[in-house]
Every structure is written in structure tokens, then in C-alpha cells.
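The structure appears right after this line, and notes come after that.
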Amino acid sequence: MTADELARGGVLVVAGTHGNERNAVHLLPRWRLAPERLSPRGLAVSFTEGNPEAIREGRRYCDRDLNRAFLPALLEDPTQQELEVRRARDLLDTWGPRGRFPCAVALDLHSTTAAMGNSLVVYGRRPADLALAAGLQGRLGLPIYLHEGDPSQRGYLVERWPCGLVIEVGPVPQGVVSAAIGERTEIALAMALAVLEDAREGVLRLPERLVIHRHRRSLDVPRDGSGKPLACVHPRLQDRDWRPLRPSDPLFLALDGRPLSWEPGPQDPEAVWPVFINEAAYEEKGIALSLTEREVWTVDPEWGLALSTLAALLLSADDGNKTRLAVEKTSRPGS
Ligand SMILES: [Zn+2]
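Put into C-alpha cells, the structure is as follows:
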């Protein structure tokens, strides 16, 4: 994090980055009406729909996946005018760390069709992100998927803010609003804000250890020459996210009824821990599941320091309202 990025700002909550993940979008009006329910100690929280056009159409995206569109080279190229690229620029111009309503932290709310329960996705190893994730895991026991080192999957929204993570809740079908999924989303969001409130007040307590599931690689089902699947996820693997998969365990079920078992490659660890098993949105990405390695890390005090330094600059709800009024005043000619 550069000193330049460490500016005063609020917390941005994004719902509907994928237009067919509707639970957080459904709850936005309630959160906007009473943000103090989520942040009783009064952080300045801004709420926005990630991809309003895709939400209207009930699709994950219109031109390209918004949560892979936050690549600096793409955003800076004026010839790139796909809807999601324009929306990514718009989100950064409005809520980015140097936007009109600057935000220092982004919490991006998603849902999955996989049976992953409530979990967190962290991209890379930024100390403040790891502290926020550790604080949440310490309070709610949420599993953490650390996504890193995958050149085919890049350009995530939260990476463009000084601190941020994804809250992922499932299983829920695409396009479905479920009260239980909404409730779990709200609990995780409120707890993330509570961790930030603690950090801002200098009373952040982190657990001694952090359990992470580190991304290794993704697997697709076998396909024929024209791309048609020749197998599906084995019924004994379905819904077994976050549980170890060992050599010879059933992986896929071939069309002829034969089980295809997991045979690790030379680079694979002894046990892998699958996540996003049969996630509906990943079919087009050629991903039937992702393999992770479970690791226990000692929580580094530097992480907490990084988050506290950043959180000390978070605006209060009152300051946030003043900024909003000032911006509106200066952007209205003649007033
Ligand atoms: Zn999503």
C-alpha cells in the first residue's frame, strides 16, 4: 500500500457485482435506510449496486465479467468500451480511493451455487486484507479462500481499493432471493464492519492463527473435441466443499457411469481441499472445481498494524455526510 493510497475515506459495500446474485441487492434498500444497524459505531458506509444493467437483466454480466474487469491496462485503454469496463471506471471514479466519494475499503458481496456456506475470498497477501480476514475468522469461524498465482483469473474489484475482500454465501441458485442466504450475508457484513470499527478505535484483537485454503489450480470435467462434457462432478464429491480430497477418491462421473477418481499430479500436495464445486457460473470458464491447500499461518502483528493504520483514517458517518454534501455542492453549477 503506498502512502498515496492511504487517504481518508469510507467503506464501500458492493452488491450485485454479478447481476444474477440477488440476495445482497435485495437487502440494499434496508441497509441504506438504517446503516447504523450494520455499523452501530458509525463508520461512513456507502452502498452501491455493482452492475445495475446486469441486475436489471438478471444476468451475471452483459459484455464481460465485471469482477475480472479491474485490470489497470484494460481500464486505461480508451479503445476498451465494453459495458463492464465502463462500469469499472465509473465505480472507481465515484467510490475509488481517489474518487468523488473516496473509500478506503471495499466489501464485495457475492453468492455461489456451491455448498460453501459463508466464506471469505482474499486476493493475494496484502497485510490489511489478511488482518480483516483473520478478524472475521476469529469471530465467525469463516473459511478463507486465498486466491493467488492464477494468471487466467485476474482483475478483481477489491484489488483496486487499499483493502477489501469478497463475502461469498451459498448454496443458492442464480437469480433466487433466499431469506437465509440474505441473513448470513448480513451477519458477515456487519461483522466485517465491526472488525473495521475495532481497528479504527485501536482495540483490534486478532486470533493467533489463521487457517487459509490457498488456491493451487482449477479442474474442468473431461470434454470431447467440440467441448461437450463427457462427465459431471461425482455425486460423492458434490456439496463437499472445504473437505479433503485424497488420491483415488471419486472426482467425476463419466457418461457411461464409470467413476473417474482424483489422481494428483507431481506438483499436487497429498490432500487437496476443493472449493466452488460445480459453481454454475464457472462452466463458461472451464472450471468444475478449484483445488486448494489447507494451511495454518501464524497471524503476523504487522497485519493488524496495517489494518489499524488504514482504519484510523476511516471517516465517521457524520464526516461522510459532510463530504457528500460538499461534493454535491461543488458539482452543482451556480449553487
Ligand atoms: Zn459473484
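Going by numbering that gives the first Met the number 0, 129 is the number at position 130 of the sequence shown; the sequence numbering is gapless.
A virtual CB, placed ideally from N, CA and C, is assigned to each residue, including glycine.
Since this is a predicted model, take the numbers as computed values, not measurements.
(message) Are the CB atoms of residue 155 and residue 66 within a distance shorter than 8 Å?
(response) Pairing residue 66 with residue 155 gives a Cβ-Cβ distance under 8 Å.
(request) Going by DSSP, name the residue or residues bridged to residue 117. (result) Paired residue(s): 168.
(message) For ligand 1, I want to know if residue 20 counts as a neighbour, meaning its beta carbon is within less than 7 Å of at least one of the ligand's heavy atoms.
(response) Yes, the beta carbon of residue 20 sits closer than 7 Å to at least one heavy atom of ligand 1.
(message) Determine whether the beta carbon atoms of residue 115 and residue 12 lie at a separation below 8 Å.
(response) Against a cut-off of 8 Å, the Cβ pair of residue 12 and residue 115 comes out as no contact.
(request) Between the Cα of residue 74 and those of 87, 62, 82, 225, spot the shortest distance and give me the residue it belongs to. (result) Closest in alpha carbon position to residue 74, among 87, 62, 82, 225, is 87.
(request) Confirm the yes/no value for this check: CB of residue 16, any heavy atom of ligand 1, distance under 7 Å. (result) Flag set: Cβ of residue 16 near ligand 1.
(request) Would you kindly check if the distance between the Cβ of residue 81 and the Cβ of residue 63 is under 8 Å? (result) Yes. Within cutoff.
(message) Using a Cβ-Cβ cutoff of less than 7 Å, which residues in the same chain neighbour residue 190 once the five nearest sequence positions on both sides are dropped?
(response) The answer, listed in chain order, is 135, 138, 139.
(request) Please list the segments of the alpha helix (DSSP H) lying wholly inside the stretch 66 to 92, counting only runs of 4 or more residues, in order along the chain. (result) DSSP runs (the alpha helix (DSSP H)) wholly in the stretch 66 to 92: 71 to 74.
(request) Give a yes or no on whether the C-beta atoms belonging to residue 203 and residue 306 are separated by under 8 Å. (result) Contact: yes.
(request) In angstroms with no decimal places, state the Cα-to-Cα distance between residue 123 and residue 168. (result) Inter-residue distance for residue 123 and residue 168 is about 20 Å (C-alpha atoms, whole angstroms).
(request) Look at residue 246 and residue 261 and say whether their C-beta atoms are less than 8 Å apart. (result) Going by C-beta atoms, residue 246 is nearer than 8 Å to residue 261.
(message) For residue 295, count the other beta carbons within 10 Å of its own beta carbon; 16 or more makes it buried, fewer makes it exposed. Which is it?
(response) So residue 295 ends up on the exposed side.
(request) Determine the direct distance from the alpha carbon of residue 222 to that of residue 253, and round the result to whole angstroms. (result) One alpha carbon belongs to residue 253, the other to residue 222, and they sit about 10 Å apart.
(request) Specify, as a first and last residue, the run of the alpha helix (DSSP H) that residue 30 falls within. (result) 22 to 32 is the span of the alpha helix (DSSP H), which, as asked, contains residue 30.
(message) Here's a check: name, in chain order, each residue in its chain whose Cβ is nearer than 8 Å to the Cβ of residue 160, leaving out the five neighbours to either side.
(response) Result list for residue 160: 11, 95, 96, 102, 103, 104, 105, in chain order.
(request) Use the C-beta contact count for residue 107: other C-beta atoms within 10 angstroms, 16 or more gives buried, fewer gives exposed. (result) Counting every other CB atom within 10 Å of its CB across the protein chains shown gives residue 107 a total of 16 or more, marking it as buried.
(request) Measure the alpha-carbon distance for residue 297 versus residue 163 and round it to whole angstroms. (result) Taking the straight line from one Cα to the other gives about 21 Å.
(request) With residue 258 as the anchor, note down where its beta strand (DSSP E) starts and where it stops. (result) 258 to 260 is the extent of the beta strand (DSSP E) around residue 258.
(message) Is residue 50 a contact residue of ligand 1, with contact defined as CB to any heavy atom under 7 Å?
(response) No, Cβ of residue 50 sits at least 7 Å from all heavy atoms of ligand 1.
(request) Just list the alpha helix (DSSP H) runs in the stretch 172 to 239, keeping only unbroken ones of 4 residues or longer that don't cross its boundaries, in chain order. (result) Taking 4 residues as the shortest admissible run, the stretch 172 to 239 contains the following complete alpha helix (DSSP H) segments, listed from N- to C-terminal end: 178 to 199.
(message) Give me the residue from 14, 31, 43 with the minimum Cα distance to residue 323.
(response) Closest by alpha carbon: 43.
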